[in-house]
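Q: The numbering of the sequence shown is this note's numbering, which starts it at 17 and goes up by one. Note that CB positions come from ideal geometry on N, CA and C, so glycine has one too. Owing to the predicted nature of the structure, the values given are computational and were not obtained by experimental measurement. Sharing a structure with you now.
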Amino acid sequence: MDFQWKKWSTSEQFNKDCQMYDDAPICFLLSKGIRINHQDIYISTLQRSMDTAKQLFGERDFIPTKLLDEVPLCASVISNKKLPLIFWNISARLQWFFNIYTQKECRKETVYRAEQFINMIADKEKDCIIVTHGFFMHTLLSQMKQPAFKISHAKLSYSNGEYVIAER
């Protein structure tokens, strides 16, 4: 990701940084053009998801869906005082976890999106590839375990281009 978070910021600056992060171009070195056989490739609607998919699979048709978008992040409180980045990140994710509606989306809503996506692909009963984002991916994988998907390569943190395999 070609973006540097400010270590200290006001709530307004943190919100701007969150938007800039979502819009920032990706930077990673991977070989282009992984060969796949006519599988559907689902991506989020964020540009970095499209960029990652193109880097991995070359120019082809992708299926964008908001169901795979990253969990949005915003300041947990309104403050003109500069606070450390770790405060903004932890307090916002705690609000998300405890379903506090000061965040743009709460955990219940994220889980619901993940369930909708899983139902959509399960109904098709065919292999697919999913290009999504690290924080959302944790929720998606957690929900995939419910209908008996076997998950391999799961981690606590992901870098661009890393993958997880989920099988039924």
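Can you tell me whether M160 is buried or exposed? The criterion is at least 16 other CB atoms within 10 Å of its CB, across all chains shown.
A: Buried, because 16 or more other Cβ atoms sit within 10 Å of the Cβ of M160.
Q: In chain order, what residues of the same chain lie with their CB nearer than 8 Å to the CB of Q119, ignoring the 5 residues before and after it?
A: Cβ within range, chain order: P88, L89, C90, S92, A108, Q111 and W112.
Q: Going by the beta-carbon positions, is the gap between L83 and F133 smaller than 9 Å?
A: Result yes, Cβ atoms of L83 and F133 sit closer than 9 Å.
Q: Nearest CA to the CA of G74: which residue from E86, I57 and V180?
A: The residue with the shortest Cα to Cα distance from G74 is I57.
Q: In whole angstroms, what is the alpha-carbon distance linking P80 and S65?
A: When rounded, the distance between both Cα atoms is 9 Å.
Q: Check this for me: beta carbons of S168 and I181, under 9 Å apart or not?
A: Yes; because the gap between Cβ atoms is below 9 Å, this pair is in contact.
Q: With DSSP as the reference, label L156 as helix, strand or coil.
A: Reduced to three states, the DSSP call for L156 is helix.
Q: Give the straight-line distance between the Cα atoms of K97 and V127, rounded to the nearest whole angstrom.
A: About 33 Å.
Q: Let me know if W104 comes out buried or exposed under the rule of 16 or more other beta-carbons within 10 Å of its beta-carbon.
A: Its Cβ being crowded by 16 or more others within 10 Å, W104 is buried.
Q: For a quick check, are the C-beta atoms of S60 and D39 less than 9 Å apart?
A: Their beta carbons are not under 9 Å apart, which means S60 does not touch D39 by this criterion.
Q: Pull the bridge partners of L99 from the DSSP assignment, please.
A: In DSSP, L99 forms a bridge with S25.
Q: When the Cα atoms are used, what is the spatial distance from K2 to N31?
A: As shown, the chain starts at 17 and ends at 184. That puts residue 2 outside it, with no answer to give.
Q: Any idea which residues DSSP pairs Y58 with across the strands?
A: Y58 pairs with I79 and I146.
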